[in-house]
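These notes are about the structure you will find just below.
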DNA sequence: GCTCCCATACTCGGATAATAACTGTCCGAGTATGGAAGG
DNA sequence: CCTTCCATACTCGGACAGTTATTATCCGAGTATGGGAGC
């Protein structure tokens with residue numbers, strides 16, 4: 750899985766602390782000493798998915814487009830990685846004896862169904878966790894993080 | 750995820766029908782019109798994992814090394830893909846403000862934990878399904894498959 | 001006829017290229033800013 | 001002094017290379033087979 754997911758997750762969390770002010774890709778990347786342009790690429794993906802909104806020009810940047818209650822980990826993963834399942838079924842049964850080009854074996858193959866079941870368990874777990882939940886947990890476990898992050902974005906950089 | 754997983758899953762199922770006789774990589778690949786040498790590579794991985802046992806020379810090939818009750822989908826996935834999590838945590842917090850090289854953020858980072866939770870749900874689902882279960886389901890849904898497969902391996906090729 | 005031996009053909013196994021995906025980078029299109037000119 | 005305009009600098013956005021992982025292939029090491037020679 751692409752490492753961009755990790756960047757996106759942390760950036761969304763950071764943006765939730767910053768609040769309404771737009772933050773540039775440069776600042777979000779510098780926070781973790783990551784390449785700016787590539788970080789920008791991930792933020793673009795989040796924007797296309799409707800998780801962030803972007804503003805051009807001076808005082809521009811990215812900000813959250815929705816309430817953090819309404820941003821699940823699955824949303825972010827899908828925005829970066831795409832909608833495809835972890836296990837991709839190439840339908841080898843199609844080329845086996847008695848295989849047909851007109852059957853969608855992703856629906857009939859038992860193994861495909863079994864793997865899909867696991868995929869759904871994964872997605873379900875991700876869909877049940879929102880950025881709001883994560884933020885709450887972080888603030889409970891590491892109370893200083895919020896202010897430290899806020900200061901770093903507003904003062905430095 | 751590597752397509753080799755799909756090949757491995759179907760091959761294990763097919764081997765469970767064949768029984769005790771060794772089947773060559775050539776035959777297992779030809780069954781789905783797949784490249785022989787690359788199929789061989791996947792079967793090697795399964796052998797290293799202790800799922801299959803291999804025999805060289807004439808009348809050689811691969812056969813199941815364990816009871817199908819004792820082969821889970823997770824075993825096969827791990828044999829092909831390795832033990833790494835779906836989401837790999839590169840510990841970006843390490844390079845953030847206040848980050849330390851001596852902390853393992855895979856254990857402290859809340860986001861990492863959340864992603865790991867989903868990974869575990871996925872693995873748990875895979876671990877609960879054995880090849881025996883799959884075989885039972887296939888034989889119920891498609892009663893002719895077992896004999897058709899057996900005939901194809903014993904007579905043809 | 002039976003046993004032993006050997007050449008043979010067949011199989012797996014790991015080392016080696018071709019391809020695709022991910023990672024990283026660059027420059028152009030568009031925009032809010034901030035100052036200068038004019039009223 | 002206030003308003004309007006414009007040049008400017010800054011931002012995102014998509015198009016372009018470099019690098020790693022996946023896909024595919026090849027040839028050598030080892031082994032059970034099957035026939036032939038010898039007893």
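Residue numbers (the working numbering), protein chains in the order written: chain A, 750 to 906; chain B, 750 to 906.
By construction, the Cβ of each residue, glycine as well, lies at the ideal position given by its N, Cα and C atoms.
All values reported here derive from a predicted model rather than from experimental measurement.
Cβ of residue i less than 7 Å from any chain A Cβ?
i, result
"residue 777 of chain B", "no"
"residue 901 of chain B", "yes"
"residue 768 of chain B", "no"
"residue 852 of chain B", "no"
"residue 863 of chain B", "yes"
"residue 883 of chain B", "yes"
Quick check on residue i: does DSSP put it in helix, strand or coil?
i, result
"residue 812 of chain A", "strand"
"residue 765 of chain A", "helix"
"residue 849 of chain B", "coil"
"residue 783 of chain A", "coil"
"residue 773 of chain B", "coil"
"residue 760 of chain B", "helix"
"residue 803 of chain B", "strand"
Rounded to whole angstroms, what's the CA-CA distance from residue i to residue j? Just pull it up for me.
i, j, result
"residue 805 of chain A", "residue 869 of chain A", "38 Å"
"residue 894 of chain B", "residue 861 of chain A", "16 Å"
"residue 882 of chain A", "residue 855 of chain B", "18 Å"
"residue 785 of chain A", "residue 776 of chain A", "8 Å"
"residue 847 of chain B", "residue 825 of chain A", "26 Å"
"residue 765 of chain A", "residue 887 of chain A", "12 Å"
"residue 769 of chain A", "residue 812 of chain A", "7 Å"
"residue 820 of chain B", "residue 751 of chain A", "29 Å"
"residue 866 of chain B", "residue 859 of chain B", "11 Å"
"residue 781 of chain A", "residue 788 of chain B", "42 Å"
"residue 840 of chain A", "residue 832 of chain A", "18 Å"
"residue 817 of chain A", "residue 873 of chain A", "18 Å"
"residue 753 of chain B", "residue 807 of chain B", "26 Å"
"residue 892 of chain A", "residue 767 of chain A", "16 Å"
"residue 803 of chain A", "residue 899 of chain A", "20 Å"
"residue 880 of chain A", "residue 897 of chain A", "18 Å"
"residue 778 of chain B", "residue 759 of chain B", "11 Å"
"residue 798 of chain A", "residue 877 of chain A", "18 Å"
"residue 830 of chain B", "residue 838 of chain A", "15 Å"
"residue 890 of chain A", "residue 884 of chain A", "10 Å"
"residue 904 of chain B", "residue 843 of chain A", "21 Å"
"residue 809 of chain B", "residue 853 of chain A", "35 Å"
"residue 845 of chain B", "residue 790 of chain A", "20 Å"
"residue 850 of chain B", "residue 857 of chain B", "13 Å"
"residue 783 of chain A", "residue 875 of chain A", "25 Å"
"residue 834 of chain A", "residue 834 of chain B", "15 Å"
Cβ closer than 7 Å: which chain B residues qualify as neighbours of residue i?
i, result
"residue 874 of chain A", "866, 867, 870"
"residue 698 of chain A", "Outside the shown range of chain A, which is 750 to 906, sits residue 698 of chain A, and nothing can be said about it."
"residue 890 of chain A", "859"
Give me the chain A residues within the contact set of residue i, using Cβ-Cβ distance strictly less than 8 Å, ordered along the chain.
i, result
"residue 780 of chain B", "845, 846"
Is the beta carbon of residue j closer than 7 Å to that of residue i?
i, j, result
"residue 864 of chain A", "residue 836 of chain A", "yes"
"residue 774 of chain B", "residue 792 of chain B", "yes"
"residue 795 of chain B", "residue 828 of chain B", "yes"
"residue 801 of chain A", "residue 814 of chain A", "yes"
"residue 871 of chain B", "residue 871 of chain A", "yes"
Would residue i count as contacting chain B if we go by Cβ distances under 7 Å?
i, result
"residue 750 of chain A", "yes"
"residue 759 of chain A", "yes"
"residue 774 of chain A", "no"
"residue 830 of chain A", "no"
"residue 833 of chain A", "no"
"residue 817 of chain A", "no"
"residue 836 of chain A", "yes"
"residue 878 of chain A", "yes"
So which residues on chain A does residue i lean against when the C-beta distance must stay under 7 Å?
i, result
"residue 895 of chain B", "In chain order: nothing, as chain A lies at least about 12 Å away."
Below 8 Å on C-beta distance, what does residue i contact in chain B?
i, result
"residue 839 of chain A", "752, 755"
"residue 795 of chain A", "Near residue 795 of chain A there are no residues of chain B at all, since even the closest Cβ is about 15 Å away, more than 8 Å."
Taking C-beta pairs closer than 9 Å, name the residues in chain B that residue i reaches, listed in chain order.
i, result
"residue 822 of chain A", "860, 863, 864, 867"
I want to verify the contact list: residues of chain A whose CB lies under 9 Å from the CB of residue i, in sequence order.
i, result
"residue 764 of chain B", "Going along chain A, no residue has its Cβ under 9 Å from residue 764 of chain B, so there is no contact; the nearest lies around 14 Å."
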